[in-house]
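Peer 1: Residue numbers (the working numbering), protein chains in the order written: chain A, 1 to 208; chain B, 209 to 407.
Right, I'll just put the structure down here and ask away after.
And the structure:
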């Protein structure tokens, strides 16, 4: 038998790869596309934020329609986290169990990290993603240790109650220590969070 | 995802220039081995007596296409980071025609003239000087033709995007096109050889 010519072998290889390519799929599947219009509309309409007080009210009402995601490092998370929050590092966001139709609320120490993660999730077509405005600092200043002196009597008691609920203390009540250290180095764990043995990330799956 | 290495910061500008030099040497060597240092062989393409330019170039295109496509698919290469030029339809058609005319007349394209020069050919040297002069003239005239140069921008278009086809199908179609071109080229070469004998 004659030895097959190199041209023939190459032609068969070419056909082989070509046919595989026909069924192999999209090589760009790992690439995210950003729609600038959609993102800016979201920001304009305020569909990208939750204020700390709003979040506190959601938590108190026992609203289970959202997932609260703590983006900080695990050690920071273990020291303190907002009740119900799960810890996901920004790098693992897209590989996490978060679902695209879930309402997701992101927070970090400040707005920067959660802002980046917000864009990432929006680009990956997650429907409803929000940032806790001010991040954990905002949570401390507005919920745990709020400034209530300037407020009306009505509001003051409401804010104080929220603050107590999460184990905090309004600032005007604290005579010494709180005013001296406004950045609050030590946060006591809220009553309903077991600090000694924090549960690892648990999902809220209800409502999906 | 590890590739493209440069975009992921595995090395900086200096190293990338060294690598470009090495890759360029390799490219030139491959061209020379394919016979592209010879103006007669290159020009023969346009008379359909020697189809090696088509064969070599189409082989390179298909090989690179398979490489980029499958490496992208396996998550080794991030295709979105590969630079592709925008499309300016009319200016690019005109530019292509000018290059083609120069190719037929001179027997080289810019790259092959460098290859030819490296092998010591005088015509390669002359052609190379011509290319350099052309680049200089173009640069000096650029303000006058800038409006035309950037006219008809279509943005960054690709065949799959433009015709709304899947990437896999375009890969398949180009591969089949190449196969057809190779068969046609072999057949045409035999025909032309016979014709030459008959004379």
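We put the beta carbon where it would ideally sit given N, CA and C, even for glycine.
Taking Cβ to Cβ, would you say residue 48 of chain A is nearer than 9 Å to residue 118 of chain A?
Peer 2: Yes. Within cutoff.
Peer 1: Whole-angstrom Cβ separation of residue 132 of chain A and residue 106 of chain A, contact assumed at under 8 Å?
Peer 2: Rounded, the Cβ-Cβ distance is 7 Å, consistent with contact.
Peer 1: Taking a contact to mean a Cβ-Cβ separation below 9 Å, would you say residue 18 of chain A touches residue 384 of chain B in this structure?
Peer 2: For residue 18 of chain A and residue 384 of chain B, yes; Cβs fall inside 9 Å.
Peer 1: Please determine if the segment 277-286 of chain B and the segment 391-402 of chain B are in contact, where contact requires at least 3 C-beta pairs separated by less than 8 Å.
Peer 2: Contact between the segment 277-286 of chain B and the segment 391-402 of chain B is absent, because fewer than three Cβ pairs lie under 8 Å.
Peer 1: Name, going along the chain, the residues of the segment 385-406 of chain B whose beta-carbon falls closer than 9 Å to a beta-carbon of chain A.
Peer 2: Listed in sequence order: 386, 387, 390, 391 and 394.
Peer 1: With DSSP collapsed to three states, give me the class of residue 218 of chain B.
Peer 2: Of the three classes helix, strand and coil, the one that applies to residue 218 of chain B here is coil, per DSSP.
Peer 1: Helix, strand or coil for residue 94 of chain A per DSSP?
Peer 2: The answer is helix: DSSP assigns residue 94 of chain A an H, G or I state.
Peer 1: Three or more beta-carbon pairs under 8 Å between the segment 299-315 of chain B and the segment 30-46 of chain A, yes or no?
Peer 2: No, the segment 299-315 of chain B is not in contact with the segment 30-46 of chain A.
Peer 1: How is the beta strand (DSSP E) around residue 105 of chain A delimited, first residue to last?
Peer 2: 103-107 is the extent of the beta strand (DSSP E) around residue 105 of chain A.
Peer 1: Tell me whether the segment 234-250 of chain B and the segment 307-326 of chain B touch, counting them as touching only if at least three CB pairs, one residue from each stretch, are closer than 8 Å.
Peer 2: They touch, by the three-pair rule.
Peer 1: Check the Cβ of residue 342 of chain B against every Cβ in chain A and list those closer than 8 Å, keeping chain order.
Peer 2: Per Cβ cutoff of 8 Å: no residues; residue 342 of chain B is ~37 Å from chain A at best.
Peer 1: Looking at the secondary structure, which residues open and close the beta strand (DSSP E) in which residue 216 of chain A lies?
Peer 2: No information on residue 216 of chain A is available, as it lies outside the stretch 1 to 208 that chain A covers here.
Peer 1: Please identify the residue among A:100, A:55 and A:44 whose C-alpha is closest to the C-alpha of residue 129 of chain A.
Peer 2: With distances taken between Cα atoms, residue 129 of chain A lies closest to A:100.
Peer 1: Looking at chain B, is there any beta carbon in it that lies within less than 9 Å of the beta carbon of residue 24 of chain A?
Peer 2: Closer than 9 Å to some Cβ of chain B, the Cβ of residue 24 of chain A qualifies, so yes.
Peer 1: Residue 379 of chain B and residue 277 of chain B: beta carbons closer than 9 Å?
Peer 2: Result yes, Cβ atoms of residue 379 of chain B and residue 277 of chain B sit closer than 9 Å.
Peer 1: Give me whichever residues DSSP pairs with residue 285 of chain B in a beta bridge.
Peer 2: Partner(s): B:211.
Peer 1: With distances taken Cα to Cα, identify the nearest neighbour of residue 387 of chain B among A:68, A:11 and A:127.
Peer 2: Comparing Cα positions, the closest option is A:11.
Peer 1: Hey, out of A:140, A:91, A:65 and A:53, whose CA is closest to residue 104 of chain A's CA?
Peer 2: With distances taken between Cα atoms, residue 104 of chain A lies closest to A:65.
Peer 1: Does residue 211 of chain A get closer than 9 Å to chain B when you measure Cβ to Cβ?
Peer 2: Only positions 1 to 208 of chain A appear in the structure, and residue 211 of chain A is not among them; the question remains open.
Peer 1: For residue 81 of chain A, which residues from the same chain have a beta carbon less than 6 Å from its beta carbon, with the 5 sequence-adjacent residues on both sides left out?
Peer 2: Counting only Cβ-Cβ distances below 6 Å, and skipping sequence neighbours, we find 70.
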